[in-house]
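See structure below.
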């Protein structure tokens, strides 16, 4: 499992069950609220976490198929004239596995990591006309009581015909003197809590989604944890791409599509009849800084299913080893008549679920095609796949 450790910086309000003051009338009423509590100062904290996996027994509702179905529902709920920015899956409104936090840590009096964990989040940048802004939507299992209205946290409460309560806010806040225009919506379904936020720096900053549109997103019943997943729903796409010591700019969407089409055509020639769980030509934008197009698929082979990873990028060959050199670490290199360099490495002790073979093809154009794969895939066929016309960058 590829593990990335992150530090979450979270702002937590004081609206926590059991620590609220008695309700008091507010000077200014809030539409949809019978009683409004005065605003209370929140606090911020940082805590380390790492990415988990789908099908976590602690959160059985979040299967890979469920995450995929929710991602599709979220993207389809965007207005027709709102565009999702081309990005790697984790920045393309794909619901991610839940982050894992240290157990038993108390963040503040009465607040523990359990109070901030248990949600799956989808993030991306959306645009409409000249306005573009990040959008973040989180979903978690929930069966609590509807919290009271609090000043400065909501400016309208709506109760839908099915009983779902939606709180919305359109406000400008200031942190360290820098104003931020933000819009939020929170839906309290009978079994699910859905939260959406979009924001931009500047008190007059434009936002591509209106409050009513955010309300519609969080009210979507397809985001409820108990909504059944359509049969045959594939798992969501996963981030791919290699770390580069010197990060490079991302490829354009047109370039990624061109590479995918060339790869698909060559796959049909080199691997006729071989099935994969995802179309081989549906390449993704590589992770930030990788400057690559890539994919991860499960391929059916005579010995069973095996994972195949493909990555295409531009390679800086300055200082690389001689192509005729052989070393003692299980790496072999050879040069084809046209100058293409093929490098292969085997891992005798791969980690569980990880490919055991690695192969790269460096074309004369300095286009670098990398494969990692398991048993049942012929390396020579992969070299032929990497020689596809149209793969040059």
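Residue numbers (my numbering): 96 to 488. The beta carbon of each residue, even a glycine, is placed where N, CA and C say it ideally should be.
The alpha-carbon separation between residue 245 and residue 251 amounts to approximately 10 Å.
Rounded to whole angstroms, residue 286 and residue 319 show a C-alpha spacing of 7 Å. By the neighbour-count criterion, in which 16 or more other beta carbons inside 10 Å mark a residue as buried, residue 331 falls on the buried side. Pairwise C-beta distances place the stretch 217–229 in contact with the stretch 180–197, as three or more of them are shorter than 8 Å. Counting along the chain, residue 311 sits inside the alpha helix (DSSP H) bounded by residues 306–313. Taking each of 393, 426, 455 in turn and checking the Cα distance to residue 436, the smallest one comes out for 455. DSSP, reduced to helix, strand and coil, places residue 278 within a strand of the structure shown. Nearest to residue 295 by C-alpha distance, out of 303, 133, 426, is 303. Residues of the same chain with a CB within less than 7 Å of the CB of residue 181, apart from the 5 flanking positions on each side, are 348, 380 in chain order. Your pair residue 385 and residue 339 checks out as a contact, with CB atoms roughly 6 Å apart and the cut at 8 Å. Residue 428 carries a strand assignment under DSSP once its states are collapsed to helix, strand and coil. Uninterrupted alpha helix (DSSP H) stretches at least 4 residues long and entirely within the stretch 167–199 do not occur. In this structure, the straight-line span from the alpha carbon of residue 360 to that of residue 487 is close to 15 Å.
Under the criterion of beta carbons closer than 8 Å, residue 410 and residue 468 do not qualify as touching, at roughly 20 Å.
The beta-carbon distance between residue 293 and residue 228, rounded to whole angstroms, is 5 Å. This is short enough to meet the 8 Å contact definition. Taking residue 367 as reference, the option from 130, 477, 307 with the minimal CA-CA separation is 477. DSSP links residue 221 through a beta bridge to 179, 228. Secondary structure note for residue 357: its alpha helix (DSSP H) is the uninterrupted segment 348–365. Nearest to residue 270 by alpha-carbon distance, out of 315, 370, 297, is 297. Annotation for residue 308: 174 place their beta carbon closer than 7 Å to its own, counting only its chain and skipping 5 residues before and after.
Rounded to whole angstroms, residue 161 and residue 153 show a C-alpha spacing of 15 Å. A direct Cα-Cα distance of roughly 8 Å separates residue 311 from residue 172. One Cα belongs to residue 471, the other to residue 465, and the distance between them is close to 17 Å.
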